[in-house]
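J.:
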Amino acid sequence: MKQYHAEDIYQFYDKFIQVFLIDGDSILSAHTAILNDNTIKGCFSNYIENYNDTNGSFDAKVTDQFKNADLSTRLVFAHAEWLWSFAVDDIRIPTKKGYVKRITNLDEEELVDTIYPIGFGSAGQWHTNNKYEEIKFILILIRFIRQKIVLGEIATVQEAKDWIEYICLFQKYGTESTTYMLPDSFKDELQEKSLAVTNILTYAGNPDNYERIASENHKNQILVSFWGLLTDEQKADENLNTDDKILLIRKELGALTNPNFDFYEYDYARIWNYSLTEEGFSEVQGLQYKKAIILYGPPGTSKTFTAKHLADALITYAYLKNKANVTTYFRVKPDVTTDRIHHLQLHPNYTYEDFIAGYQLKDGNTQKTPGILFNICEKAKADLGASPNDDMPHVLILDEINRIDLSRLFGEVFSALENRDQPIQVGVGDLELTIPRNLYIIGTMNEIDFSLERIDFALRRRFLWFFYGYDENTLWNIIHHKNSALNTKLRMDEEMNRFIRNATQLNRKISSIPELGKQYQIGHTFFAEIVEIYKSYKEIGGYKSLRYQLYRGDGATNILWKISLEPMLVSFLGNMELEVQNEILKELKIIYNQN
């Protein structure tokens with residue numbers, strides 16, 4: 060949807076096409092006639108053929124790759140990198156300017172200072188981590204469009220935008236066209252890989268038909284969450300891709316609520332922005348299919364938070380399947396979830412008698428007493444509809460199932476998970492329990508306390524299992540959210556990218572240590588404490604602040620290591636000899652602080 064505050068993005072994109080692609084001149088400096096076969100070949104030679112796959116920052120590697128290139132070639136590459144970064148706001152304007160200065164070596168007075176918009180939104184950590192492939196795609200795109208222009212097949216900005224839009228859609232969906240014919244040699248150069256830049260460019264070039272969303276995962280979640288707003292014909296139409304269907308959803312939602320809404324507004328985002336899974340079969344889809352899932356992994360990986368969010372999303376999704384409820388939901392904002400989410404914090408003393416049924420002594424008599432699951436099932440049954448499509452879900456969250464014997468807790472009721480709406484005789488008198496079809500179960504499990512391999516197969520097959528390990532994209536999102544919420548003014552720039560990159564490398568090393576493994580990864584929520592530390596470390600005794608810097612002797616990263624990460628690692632390594640433990644800690648700290 061076109062945003063009034065993003066007009067400069069649309070204008071700069073048009074300028075890039077007219078001045079750079081069509082005229083061949085620079086928009087970043089006063090240099091002219093820079094875009095030609097030789098400079099494009101130079102970019103391919105230095106960036107792709109001379110690819111540097113060693114460790115190190117992108118900036119350092121690119122600087123080395125282009126050190127012998129002429130200025131025009133370096134300027135062409137600078138335009139490719141500008142196109143990669145110009146439309147997003149999680150890269151600061153000084154950083155965007157720094158990219159151009161770094162590759163061109165031009166003085167500030169030689170560079171145009173007014174070609175850098177704030178951006179339409181965050182592109183996420185995937186956009187940054189996948190930077191090499193994203194810019195490679197841009198270079199391939201530049202070469203192809205420029206060839207079309209030279210041959211006279213593209214003459215206007217709009218014609219170029221139409222071609223770029225189609226190429227981005229081909230990269231995403233592989234859709235062939237009779238209007239836009241791509242040679243096989245061009246198709247062979249494209250990678251079958253998700254690229255944030257394809258979503259950025261389609262939006263910049265055609266904001267009336269695309270959303271300001273860089274993440275493909277976000278688009279998929281929107282489609283799943285608002286699927287009920289599509290007609291059966293639209294759902295089945297194989298000629299409609301994800302973007303087409305989101306546009307149809309927008310039109311339907313806009314007619315019922317506000318035509319100018321944004322999917323990132325809270326009332327909309329809380330419906331779809333539920334998942335930490337980046338691709339493939341989502342947790343909500345797993346719930347809809349199996350009705351019982353478990354999120355497992357190390358501590359601090361957002362399992363409980365996600366379980367609650369998934370429950371909220373599943374119930375809201377069912378409520379919105381009825382189009383009559385959509386207007387009510389957005390105007391009245393009814394609470395449709397609180398009474399339908401049932402949260403149990405499990406502990407070692409929690410028993411079958413508490414959960415299913417048992418005997419209690421009352422007035423001198425032993426009486427059979429239904430447990431909490433009976434009560435939850437009765438509440439769920441009250442929300443059964445005339446058909447499964449009319450049901451309102453109830454969700455039972457079993458938090459930290461690693462703390463109890465799940466087989467003993469459920470007992471014979473396990474079979475009822477697969478035989479919904481069928482009464483099961485429990486082991487207490489003549490009590491029968493029926494688990495209704497609209498009761499969904501989400502469990503969470505800290506694998507550090509109880510590995511998946513120790514759970515018997517009969518139990519495992521009754522759930523779908525989603526591993527929740529450390530995730531750098533989630534870490535980036537949490538830091539970005541905290542930074543905004545706390546007004547921390549923590550810069551989401553190369554230094555933060557370094558911090559997240561090192562956190563990832565640290566966990567890779569932990570996973571490779573035989574005595575530890577992936578179940579001992581440090582969760583992203585622990586690393587995200589960097590925001591609170593950065594905000595408050597002026598008040599921490601013995602530490603002096605230096606504004607904006609994370610890395611230095613007494614900086615925020617060092618405090619995080621001392622008060623959180625190192626003690627955690629010491630506890631993980633507690634069974635090792637002290638000398639071996641110290642050597643591993645030393646190696647891990649080097650990784651944590653590397654450039």
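The sequence shown begins at 60 in this note's numbering and counts up by one.
From the three backbone atoms N, C-alpha and C, an ideal C-beta is built for every residue, glycine too.
Nothing here was measured: the structure is a model prediction, and the numbers come from that model.
What span of residues does the alpha helix (DSSP H) with P429 cover, start to end?
T.: Here P429 belongs to no alpha helix (DSSP H); instead the beta strand (DSSP E) covers 424-429.
J.: For H277, is the classification buried or exposed, using 16 other Cβ atoms within 10 angstroms of its Cβ as the cut-off for buried?
T.: Of the residues assessed, H277 falls on the buried side of the cut-off, its CB having 16 or more other CB atoms within 10 angstroms.
J.: Rounding to the nearest angstrom, what Cα-Cα distance links L346 and G83 in this structure?
T.: 53 angstroms
J.: With a threshold of 9 angstroms between beta carbons, is Q77 in contact with chain B?
T.: No chain B is part of this structure, which consists of one protein chain only.
J.: What residues are listed by DSSP as bridge partners for V657?
T.: Here the chain covers residues 60 to 654 and nothing more, so residue 657 does not appear.
J.: For a minimum of 4 consecutive residues, which ranges assigned as the alpha helix (DSSP H) are wholly contained in the stretch 100-130?
T.: 117-124
J.: Given that a residue counts as buried once 16 or more other Cβ atoms are within 10 Å of its Cβ, and exposed if not, what is L605?
T.: Per-residue confidence for L605 stands at a pLDDT of 49, beneath the threshold of 50, marking its modelled position as unreliable; the derived number appears in the next sentence. Sixteen is the threshold: since fewer than 16 other Cβ atoms of the shown chains lie within 10 Å of the Cβ of L605, the residue is exposed.
J.: Can you name, in chain order, every residue of its own chain whose Cβ lies under 8 angstroms from the Cβ of E13, other than the five neighbours on each side?
T.: No answer is possible for residue 13: the residues shown for the chain start at 60 and end at 654.
J.: Go through its chain and collect everything with a Cβ distance to N109's Cβ below 8 angstroms, but skip five positions before and after it.
T.: Counting only Cβ-Cβ distances below 8 angstroms, and skipping sequence neighbours, we find Q124.
J.: Extract the residue ranges of the alpha helix (DSSP H) inside the stretch 316-384, only unbroken runs of 4 or more that lie entirely within it.
T.: 325-331, 342-349, 362-379
J.: In its own chain, which residues sit with a C-beta less than 6 angstroms from the C-beta of W141, not counting the 5 before and 5 after it?
T.: none
J.: Please state whether the Cβ-Cβ distance between V472 and I463 is less than 9 angstroms.
T.: In this structure, the beta-carbon distance from V472 to I463 does not fall below 9 angstroms.
J.: With the cut-off set at 9 angstroms, would you say H453 and R521 are in Cβ contact?
T.: No, Cβ-Cβ distance for H453 and R521 is not below 9 angstroms.
J.: Compare the beta carbon distance of N503 and L354 with 9 angstroms and say whether it is the shorter of the two.
T.: Correcting the residue type first, residue 503 is Thr in the shown sequence and not Asn. In contact: T503 and L354 (Cβ atoms closer than 9 angstroms).
J.: Indicate, with yes or no, if the ligand SAM has a heavy atom lying under 8 angstroms from the CB of G444.
T.: The ligand SAM is absent from the structure shown, which contains no ligand whatsoever.
J.: Using CA coordinates, which residue listed in T91, K421, L198 is at the minimum distance from I99?
T.: L198
J.: Which residues mark the beginning and the end of the alpha helix (DSSP H) in which F586 is found?
T.: For F586, the enclosing alpha helix (DSSP H) covers residues 583-586.
J.: Just to confirm the assignment, what range does the alpha helix (DSSP H) spanning G230 have?
T.: Note on residue identity: the sequence assigns Gln, not Gly, to residue 230. 216-232 is the span of the alpha helix (DSSP H), which, as asked, contains Q230.
J.: Between F558 and L492, is the Cβ-Cβ spacing less than 9 angstroms?
T.: no
J.: Among K594, I572, I581, which one has its Cα closest to the Cα of N561?
T.: The shortest C-alpha to C-alpha distance from N561 to any of K594, I572, I581 is the one to I581.
J.: Per DSSP, N505 forms a beta bridge with which residues?
T.: G356
J.: In three-state DSSP terms, what is L170?
T.: strand
J.: Per DSSP, which residues does I483 bridge with? Please list them.
T.: The beta-bridge partner set that DSSP reports for I483 consists of L492.
J.: Pick out whichever of D321, Y579, V171, Y418 has its Cα sitting closest to the Cα of V485.
T.: The shortest C-alpha separation from V485 is found at Y418.
J.: Judging by CA-CA distance, which residue of K367, R550, L549, A383 is the nearest neighbour of Y499?
T.: It is K367.
J.: Measuring CB to CB, does M627 end up less than 9 angstroms from F586?
T.: no
J.: Give the DSSP-derived three-state secondary structure of F179 in the structure shown.
T.: coil
J.: Can the beta-carbon of K392 be found closer than 9 angstroms to that of N300?
T.: For K392 and N300, no; Cβs fall outside 9 angstroms.
J.: So, for D425: in the same chain, excluding its five sequence neighbours on each side, which residues have a beta-carbon less than 6 angstroms away from its beta-carbon?
T.: Reading off the sequence, residue 425 comes out as Thr, not Asp. Cβ neighbours of T425 beyond the five flanking positions: Y418.
J.: F525 and E342 look like a contact to me (Cβ under 8 angstroms); what is the Cβ gap, rounded to whole Å?
T.: 6 angstroms
J.: Sort Y69, D450, W331 by Cα distance to V147 and report the nearest one.
T.: Y69
J.: Between which residues of its own chain and Q184 is the CB-CB distance below 6 angstroms, once the five residues before and five after are set aside?
T.: Closer than 6 angstroms at the Cβ level, and outside the excluded window around Q184, lie E531, N532, W535.
J.: For a test of the three-state rule: what should DSSP assign to Q580, helix, strand or coil?
T.: coil
J.: With a CB to CB cut of under 8 angstroms and the five nearest residues on each side skipped, what residues in its chain are close to L228?
T.: Excluding sequence neighbours, L228 sits near T234, T257, T261, N300, D302.
J.: Under a three-way DSSP split, which group does A416 fall into?
T.: strand
J.: Could you check what DSSP says for L306 in three-state terms: helix, strand or coil?
T.: helix
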